[in-house]
Amino acid sequence: MRRWNGWGDESTVVELPANGTDFLAQRVGAGQRLDDATLAQVLAQVPPSRLPPHVLVSQDAEERVRHARGQSLPDWLAMREGRFEVFPDGVAYPETAEDIRQLMAWAKKHDVVLIPYGGGTSVAGHINPQAGERPVLTLSLERMSRLLDLDEQSLIATFGPGANGPQVESQLRARGYTLGHFPQSWELSTIGGWVASRSSGQQSLRYGRIEQLFAGGTLETFDGPLELPTFPASAAGPDLREVVLGSEGRFGVISEVRVRVTRLADQESFYAVFLPSWEQALAGIRALAQARVPLSMLRLSNAIETETQLALAGHPEQIALLEKYLAFRGARTGKCMLTFGVTGNRQQNAVSLRQAKKLLKGFGGVFTGTLLGKKWAENRFRFPYLRHGLWDAGYVVDTLETATDWINVDTLLNKVEASLREGLAEEGERVHVFTHLSHVYGEGSSIYTTYVFRPGASYEQALQRWSRLKRAASEVIAHNRGTISHQHGVGRDHAPWLPVEKGERGMAVLKALAGHFDPEGRLAPGVLIQD
1 MRRWNGWGDE STVVELPANG TDFLAQRVGA GQRLDDATLA QVLAQVPPSR
51 LPPHVLVSQD AEERVRHARG QSLPDWLAMR EGRFEVFPDG VAYPETAEDI
101 RQLMAWAKKH DVVLIPYGGG TSVAGHINPQ AGERPVLTLS LERMSRLLDL
151 DEQSLIATFG PGANGPQVES QLRARGYTLG HFPQSWELST IGGWVASRSS
201 GQQSLRYGRI EQLFAGGTLE TFDGPLELPT FPASAAGPDL REVVLGSEGR
251 FGVISEVRVR VTRLADQESF YAVFLPSWEQ ALAGIRALAQ ARVPLSMLRL
301 SNAIETETQL ALAGHPEQIA LLEKYLAFRG ARTGKCMLTF GVTGNRQQNA
351 VSLRQAKKLL KGFGGVFTGT LLGKKWAENR FRFPYLRHGL WDAGYVVDTL
401 ETATDWINVD TLLNKVEASL REGLAEEGER VHVFTHLSHV YGEGSSIYTT
451 YVFRPGASYE QALQRWSRLK RAASEVIAHN RGTISHQHGV GRDHAPWLPV
501 EKGERGMAVL KALAGHFDPE GRLAPGVLIQ D
């Protein structure tokens, strides 16, 4: 059963190890646990629906609760406290494109706001209903999850938009293929949501981001379907796929997704290497990216994240032996862990591994084999569950991300970390901050920062602290040549900073598109473009 007030499946628990609690207490202070509301308390707050009856629409109170919030930190606090404030008036479960068209026509007739809903994993406020006079209908696409077609000559698969990561991969792997798109939210997020938010997977170095994988599909609009045919390439004007990519539900509802797939690799392995300093590590990962060594994944943790990962890993005796070995090899205080993957056939992987080892050796790299790489692969979709373990220990954790050119990576990373680390200094509170580079390109890299702080004495104080930290870091990103989002999308949380990135004319284009597709402003209002 999926949690109603947090991440993922109720049966999956990731607890903070005892030494992890001590580690955080030394860095930010003793944990402060706040009381949680019960589902019964929240259900008692759900008001009567304002929607007229419809055969595809449920007005059940619990379903409305379960579709009222995403997974941002404000959502988390609202769910744990039980102060949802606004609930959708109903949840629809279309099973076909015709069902979506029928619901859109019905919404127009009855002046209803529509919120497209994939896996509910948004961390930027995409799916939250807003208070207003018009009733709100959440359009859950979870029943549109089948593999509809697989063209094995062109390697194009057609899916319903509601297929989540496991559903996408299981249906493809049964036929010998993979999409290779593995965001951290893979367990719950959907293929339609990936397109709508311009998602990036952990192995995009091999398979590409969703914009490289998205071959075409169908967008349902109030005027009818917009068909996006698949071409290997085209010079016939601007690419209309780009209108759908990153549209975040503002222009229509995605009813069909066609993606480029790959035959399953014969072999895949993940390795960990430690570099003596951040400067050497940053130069090494940039060299790997620009030399186009055929790897499937690169992830570089800075020194503080490396220290934190080792502290929270448990097994202190084994970690102590590893630390001793690394110190002997010259990777001591300040060392940084680089994890990389090789995917392909045995011969290709052997060549890639030799190239990576040779190049990183020049930057002082100490290889530790596949053990830590296997651990990363086994746990890579479990990190969101750690929010529960940290919460139970009395800590709040959140993340933010951006991307910039290599010449600016170090500068922007340091400024973002400083804005977070010092963000609660006036309250006498410390913030534990660490960063990794999760996706690398020839010209630059993403920057993915995690920060841990204490909630304070109340939920209101916790939200105020988060708001102060988020605002400070977002200002730094927007005004220091970083994109406001590399992989999480804009939603409502990032919308205030989008004009800095797009400029006045760019925002005018987006507003014109929204006005064209949705002149009455009933599709995800306030998302992407502030209304």
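In this text, residue positions in the sequence shown follow full-length UniProt numbering: the first is 1, and each later residue adds one.
Here a beta-carbon is modelled for each residue, glycine too, at the ideal position from N, C-alpha and C.
Taking residue 270 as part of the beta strand (DSSP E), name the residues at either end of that continuous run. Counting along the chain, the beta strand (DSSP E) containing residue 270 begins and ends at 267–275.
For the putative contact between residue 487 and residue 183, defined by C-beta atoms under 8 Å, what is the C-beta separation to the nearest angstrom? Taking a contact as a CB-CB distance under 8 Å, the pair residue 487 and residue 183 counts as one, their CB atoms being some 7 Å apart.
Measuring alpha carbon to alpha carbon, tell me which residue in 293, 170, 475 is nearest residue 500. Residue 475 is the option with its Cα nearest to residue 500.
Assign residue 114 to one of three DSSP states: helix, strand, or coil. Correct three-state label for residue 114: strand.
C-beta contact flag for residue 448 and residue 14 at 8 Å: Annotated as distal: residue 448 and residue 14, with beta-carbon spacing of 8 Å or more.
For residue 256 and residue 185, I'd like the C-alpha separation in whole angstroms. Going by the C-alpha atoms only, they are around 21 Å apart.
For a minimum of 4 consecutive residues, which ranges assigned as the alpha helix (DSSP H) are wholly contained in the segment 343–420? Within the segment 343–420, the complete alpha helix (DSSP H) segments of 4 residues or longer fall at 346–361, 371–379, 386–392, listed in chain order.
Shortest alpha-carbon distance to residue 554 belongs to which of 53, 56, 55, 79? Here the chain covers residues 1 to 531 and nothing more, so residue 554 does not appear.
Please return the same chain residues whose Cβ sits closer than 7 Å to the Cβ of residue 96, not counting the five positions on each side in sequence. Same-chain partners within the cutoff: there are none.
What is the DSSP secondary structure of residue 75, reduced to helix, strand or coil? Residue 75: helix per DSSP, three-state reduction.
Terminal residues of the alpha helix (DSSP H) in which residue 246 lies: No alpha helix (DSSP H) contains residue 246, which DSSP labels as neither H nor E.
With distances taken between CB atoms, is the gap from residue 373 to residue 339 smaller than 8 Å? Yes.
Can you check which of these residues, 413, 91, 463, 204, is closest to residue 305 by C-alpha distance? Nearest C-alpha to residue 305: 413.
Residue 179 in three-state terms, based on DSSP: Secondary structure at residue 179: coil, using DSSP grouped into helix, strand and coil.
DSSP three-state assignment for residue 484, whether helix, strand or coil: Residue 484 falls in the coil class under three-state DSSP.
In chain order, each beta strand (DSSP E) run of at least 3 residues that lies wholly inside the segment 200–267: Runs of the beta strand (DSSP E) inside the segment 200–267: 214–221, 224–228, 253–260.
Tell me the DSSP secondary structure of residue 60 in three-state form. In this structure, residue 60 counts as coil in the three-state DSSP scheme.
Helix, strand or coil for residue 19, going by three-state DSSP, please let me know. Of the three classes helix, strand and coil, the one that applies to residue 19 here is helix, per DSSP.
Here's a check: name, in chain order, each residue in its chain whose Cβ is nearer than 8 Å to the Cβ of residue 388, leaving out the five neighbours to either side. Leaving aside the five residues that flank residue 388 on each side, the residues in its chain whose CB is nearer than 8 Å to its CB run, in chain order, 6, 7, 13, 14.
Are the Cβ atoms of residue 226 and residue 246 separated by less than 8 Å? No, these two residues do not count as a Cβ contact at 8 Å.
Around the C-beta of residue 1, are 16 or more other C-beta atoms found within 10 angstroms, so that it is buried, or is it exposed? Classification for residue 1: exposed.
May I ask you to verify whether the segment 277–286 touches the segment 342–352, counting CB pairs closer than 8 Å and requiring at least 3? With a cut-off of 8 Å, the segment 342–352 and the segment 277–286 do not count as touching, because too few Cβ pairs lie within range.
Do you know offhand how far residue 131's Cα is from residue 205's? Cα to Cα, residue 131 sits roughly 41 Å from residue 205.
Are residue 125 and residue 491 closer than 8 Å when you measure CB to CB? At a Cβ-Cβ threshold of 8 Å, residue 125 and residue 491 count as neighbours.
As a quick exercise: from 33, 21, 77, pick the residue whose alpha carbon is nearest that of residue 463. With distances taken between Cα atoms, residue 463 lies closest to 77.
Test item: CB-CB of residue 107 and residue 140 under 8 Å: In this structure, residue 107 sits away from residue 140, with a CB-CB distance that is not shorter than 8 Å.
With a threshold of 8 Å on Cβ separation, who are the neighbours of residue 352 within its own chain once the five nearest residues in sequence on each side are excluded? Within the same chain, and ignoring the five residues on either side of residue 352 in sequence, the residues whose Cβ sits closer than 8 Å to its Cβ are 293, 294, 295, 342, 344.
If you count every other CB in all the chains shown that lies within 10 Å of the CB of residue 435, and 16 or more means buried, which is it? Burial call: buried.
Residues near residue 56 in its chain [Cβ-Cβ closer than 7 Å; skip 5 each side]: 92, 93, 94, 99, 103, listed in sequence order.
Counting pairs of Cβ atoms below 8 Å between the segment 401–415 and the segment 265–273, do you hit three or more? These segments do not touch.
For the alpha helix (DSSP H) containing residue 471, list its first residue and its last residue. Segment 459–478, the alpha helix (DSSP H) holding residue 471.
Please decide whether residue 94 counts as near chain D, where near means a Cβ-Cβ distance under 8 Å. Any reference to chain D falls outside this structure, which holds one protein chain only.
Could you tell me the boundaries of the beta strand (DSSP E) in which residue 436 lies? That run of the beta strand (DSSP E) goes 432–437.
With 16 as the cutoff for other CB atoms within 10 Å, does residue 371 come out buried or exposed? Under the 10 Å beta carbon count, residue 371 is surrounded by fewer than 16 other beta carbons and is classified as exposed.
Which same chain residues end up closer than 7 Å to residue 4 when comparing Cβ atoms and leaving out the 5 residues on each side of it in sequence? Cβ within range, chain order: 39, 65, 66.
Between which two residues does the alpha helix (DSSP H) containing residue 507 stretch? Residue 507: member of the alpha helix (DSSP H) spanning 498–517, first to last residue.
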